[in-house]
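Novice: After the structure tokens below, expect a handful of questions from me.
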Amino acid sequence: MTNLNIAEKRLPQDGKIQVSMGDSQYDLRVSLLPTPHGETLNVRILPHASMFKCLGDLGYMSEDLESIHQYIERLYGNVLFTGPTGSGKSTTLYSSLNRLNQIDRKIIIIENPIEFQLKGISQMQAHPQNVFDFTEGLRLMLLHDPDVIMLREIRDYETA
């Protein structure tokens, strides 16, 4: 159901599936890692609606929220959201993009995997095993004259 290859035991794999419980939708992100004694499995449960909140609803202190607004609305520069798994990076990113998403603003994202599909935003999925990595995606993005670029990962010097 998550589009993982059940025959593959040597390489890490990521997959996802959407499930409904009552009136709520959830994305389950499944990650498998090979170990000497078998595979280890991680399932992240992401409530679909929570990724598209207003930045003001995320619990930031007012001065921090004001700083975030100032940084993401600048005409140039970089903003990095960092932290451990489950710290709210994705929620903050998507809420920020939601605030910036306007008809006259071209936003392009490259991520692996695409977490959620966003209306009005161009999203690309990186495929490092097929040589379409974040660096190549960034090169291609720049040809489209974006106003806002989001890279979900900066794993190497060239991408940075």
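Residue numbers (my numbering): 2 to 161. Glycine is no exception: its CB is placed at the ideal position from the N, C-alpha and C atoms. Quick caveat, the model's predicted, so the values are computed rather than measured.
Spatial neighbours of Pro1 within its chain, please: C-beta separation below 7 Å, excluding the five flanking residues on both sides.
Specialist: There is simply no residue 1 to check, as the chain begins at 2 and stops at 161 in what is shown.
Novice: Could you check if Asp105 is buried or exposed, using at least 16 other CB atoms within 10 Å of its CB as the buried criterion?
Specialist: The residue in question, Asp105, is exposed, as its Cβ has fewer than 16 Cβ neighbours within 10 Å.
Novice: Below 7 Å CB to CB, which residues in the same chain sit around Gln14 once its five sequence neighbours on both sides are set aside?
Specialist: Cβ neighbours of Gln14 beyond the five flanking positions: Leu5, Asn6 and Leu33.
Novice: Looking at the secondary structure, which residues open and close the alpha helix (DSSP H) in which Met142 lies?
Specialist: Run containing Met142: Phe135 to Leu143, per the alpha helix (DSSP H) assignment.
Novice: What residues in its chain sit with their C-beta under 8 Å from that of His19, if we drop five residues either side in the sequence?
Specialist: Just to set this straight, residue 19 is Gln in the shown sequence, not His. Closer than 8 Å at Cβ, skipping near neighbours: Gln26, Tyr27, Asp28, Leu29 and His49.
Novice: Would you say the region 140 to 150 touches the region 109 to 121, given that touching needs at least three Cβ pairs under 8 Å?
Specialist: With a cut-off of 8 Å, the region 109 to 121 and the region 140 to 150 count as touching, because enough Cβ pairs lie within range.
Novice: Give me the Cβ distance between Gly138 and Met151, rounded to the nearest whole Å; I'm assuming they're in contact under 8 Å.
Specialist: No, Gly138 and Met151 are not in contact; Cβ-Cβ is about 11 Å, not under 8 Å.
Novice: I need the straight-line Cα distance from Ser123 to Lys107, nearest angstrom please.
Specialist: If you take the alpha carbons of Ser123 and Lys107, they lie about 8 Å apart.
Novice: Measure the Cβ-Cβ separation of Lys17 and Thr3 and say whether it is below 8 Å.
Specialist: Yes, they are a contact pair.
Novice: Of the choices Leu98, Thr41, Leu66 and Ile46, whose alpha-carbon is the least far from that of Ser21?
Specialist: Residue Ile46 is the option with its Cα nearest to Ser21.
Novice: Can you check whether the CB of Leu119 is closer than 8 Å to the CB of Thr92?
Specialist: No, the pair does not count as a contact, with Cβ atoms beyond the cut-off.
Novice: Measure from the alpha carbon of Ala127 to the alpha carbon of each residue in Gly87, Asn43 and Ile155, then state which is nearest.
Specialist: For the residues Gly87, Asn43 and Ile155, the minimum Cα distance to Ala127 belongs to Ile155.
Novice: In terms of residue numbering, what span does the alpha helix (DSSP H) encompassing Gln26 cover?
Specialist: Careful: Gln26 lies outside any alpha helix (DSSP H), inside the beta strand (DSSP E) at Ser25 to Thr36.
Novice: Quick check on the DSSP output: the beta strand (DSSP E) that includes Arg45 runs from which residue to which?
Specialist: It spans Gly39 to Pro48 - the beta strand (DSSP E) in which Arg45 sits, taken as one unbroken run.
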